[in-house]
Amino acid sequence: AMAVDAMDKVRQTEMRDDPGAVTKALGTTDRKTLKGLMWSMRKNPRGWSQRQANTMHWLQHSGLKSARAWRLKMALREVYARAAVTNDQHLARTDLCAWLSWARRTRLEACRKLAKTLSDRAEAGGRRQLSWPPGDNYPGRWRRGNVLMVRVMFLFFP
Numbered sequence: 300a301m302a303v304d305a306m307d308k309v310r311q312t313e314m315r316d317d318p319g320a321v322t323k324a325l326g327t328t329d330r331k332t333l334k335g336l337m338w339s340m341r342k343n344p345r346g347w348s349q350r351q352a353n354t355m356h357w358l359q360h361s362g363l364k365s366a367r368a369w370r371l372k373m374a375l376r377e378v379y380a381r382a383a384v385t386n387d388q389h390l391a392r393t394d395l396c397a398w399l400s401w402a403r404r405t406r407l408e409a410c411r412k413l414a415k416t417l418s419d420r421a422e423a424g425g426r427r428q429l430s431w432p433p434g435d436n437y438p439g440r441w442r443r444g445n446v447l448m449v450r451v452m453f454l455f456f457p
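See below:
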C-alpha cells in the first residue's frame with residue numbers, strides 16, 4: 300500500500316505541476332482516459348483490459364515521472380513475490396537491498412521517502428522480535444494478504 304501511495308503522489312504532483320506534458324504525451328485531454336490511466340497504474344497487470352494495456356504501454360514509452368514511479372512499484376511487488384515463492388532469506392535481503400538502492404537514487408521524492416521508510420523498518424526489525432501469530436490487537440482486520448505479508452517480512456527482518 301505504501302508503494303501505491305508513493306506512486307499516486309508522483310502521479311498527482313506531475314498532473315498538478317505539468318499537466319501539459321501528460322496530455323501532450325498521451326495525445327488527448329480526455330478526462331476518462333486520464334482517469335483510466337490512474338486505475339491502470341494501481342491495478343495488477345494480469346487484470347488489465349485491452350484498453351488499459353494499451354494505455355500502460357503508452358505510459359512506459361512516455362518518459363513521464365509516473366512511468367518511473369510505476370516501475371519502482373512493480374519492482375517492489377516483484378521483490379515481495381519472489382521472497383514469498385523462494386522462501387530464501389538471503390535472496391530476499393539481496394533483492395530488497397537492490398530495490399532500496401534504486402529507490403534511494405531516484406529523483407522522485409515520494410519514492411525516496413518510501414525507500415527510507417522501508418530501510419528504517421528493516422533496521423528496527425533487526426533490533427526487535429516480531430510476534431507471530433498476531434495478538435488480539437488485530438480483531439477482524441487480519442486478512443489473508445496481511446498474513447502473507449507478515450510471513451514475507453520475517454524473511455527480511457528475522
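Numbering (this note's numbering), first residue to last: 300 to 457.
We put the beta carbon where it would ideally sit given N, CA and C, even for glycine.
Cβ separation of residue i and residue j, assumed to be a contact under 8 Å, to the nearest whole Å
i      : j      : result
Leu371 : Ala402 : 6 Å
Gln351 : Gly335 : 6 Å
Lys412 : Ala305 : 7 Å
Leu407 : Arg367 : 6 Å
Ala324 : Ser361 : 4 Å
Met355 : Trp347 : 7 Å
For residue i, three-class secondary structure by DSSP
i      : result
Thr405 : coil
Leu417 : helix
Ala300 : coil
Whole-angstrom distance between residue j and residue i, CA atom to CA atom
i      : j      : result
Arg341 : Val303 : 7 Å
Pro318 : Thr328 : 9 Å
Val309 : Arg315 : 10 Å
Asp435 : Gln311 : Reliability fails at Asp435, whose pLDDT of 48 lies under 50, so the model's placement of it is uncertain and the value that follows must be treated cautiously. About 37 Å.
Pro432 : Ala300 : Its pLDDT being 48, under 50, Pro432 is placed unreliably in this model, and the coordinates cannot settle the point.
Arg426 : Leu390 : Confidence in Arg426 is poor, its pLDDT being 48 and thus under 50, which makes the residue's placement unreliable; the coordinate value appears in the next sentence. Rounded to the nearest angstrom, the two C-alpha atoms are 21 Å apart.
Arg259 : Ala383 : No answer is possible for residue 259: the residues shown for the chain start at 300 and end at 457.
Arg404 : Lys331 : 33 Å
Q) What are the start and end residues of each continuous alpha helix (DSSP H) run of 4 or more residues lying completely inside the segment 316-350, in chain order? A) 318-325 and 330-341
Q. Which full runs of the alpha helix (DSSP H) of 4+ residues lie inside the segment 346-395, going along the chain?
A. With a minimum length of 4 residues, the continuous alpha helix (DSSP H) runs that stay inside the segment 346-395 are 349-359 and 364-385.
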